[in-house]
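K.L.:
The structure's right below; bear with me while I get my questions together.
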Amino acid sequence: MFEQFSRGYYLGRLYVEPRDDAAAAMCREQHERVNEQLYASGEGVERTDYPLVMKLGSQHFAVHGDEQVPADTLVVPEAMLEDANVQNPPSLEEVFLAKADHAAQLLSISEGTPTLPDTAV
4 MFEQFSRGYY
14 LGRLYVEPRD
24 DAAAAMCREQ
34 HERVNEQLYA
44 SGEGVERTDY
54 PLVMKLGSQH
64 FAVHGDEQVP
74 ADTLVVPEAM
84 LEDANVQNPP
94 SLEEVFLAKA
104 DHAAQLLSIS
114 EGTPTLPDTA
124 V
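For the sequence shown, our numbering gives the first residue as 4, with consecutive numbering after it.
This is the structure:
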């Protein structure tokens, strides 16, 4: 789903759709699998429900798992689609996923957003 892109990001392609909710989300099963594969440190039992940090256009945002979202789909607030210049959704778009250490930094500067535990970086 995501492949190595740079020191700070993985690159993936997901169908991007609008959502009435204020939070971005993706398929819960895929969210947990990506979280486990790319964010977990591999030491002991770890949570897989921490938000993933993605970038669409120039905006970073936390992404949570949601059972109502279909596989290979990212749902985001309507305003975010406009800011990222996504036209005619659902649209297959390149999405950047911040690597664990970069994600922890991005989440820690966002007010009210939980950070990844130190063991995950």
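All C-beta atoms in this analysis are idealised placements derived from N, C-alpha and C, irrespective of residue type, glycine included.
Go ahead and label Asn91 buried or exposed: buried means 16 or more other beta carbons lie within 10 angstroms of its beta carbon, across all protein chains shown.
P.N.:
So Asn91 counts as exposed.
K.L.:
What runs of the alpha helix (DSSP H), each 4 residues or longer, lie entirely inside the region 14 to 58?
P.N.:
Correct list: 31 to 37.
K.L.:
Which partner residues does Gln90 have in the DSSP bridge list?
P.N.:
In DSSP, Gln90 forms no bridge with anything.
K.L.:
Between Val72 and Ala28, is the Cβ-Cβ spacing less than 8 Å?
P.N.:
Closer than 8 Å, so yes.
K.L.:
So, are the CB atoms of Lys58 and Phe5 less than 8 Å apart?
P.N.:
The answer is no: Cβ separation not under 8 Å.
K.L.:
Mark Gln33 as exposed unless 16 or more other C-beta atoms lie within 10 angstroms of its C-beta, in which case mark it buried.
P.N.:
Buried is the call here.
K.L.:
Given Asp75, which residues of its chain have a CB within under 7 Å of its CB, disregarding the five upstream and five downstream residues?
P.N.:
Excluding sequence neighbours, Asp75 sits near Leu17 and Tyr18.
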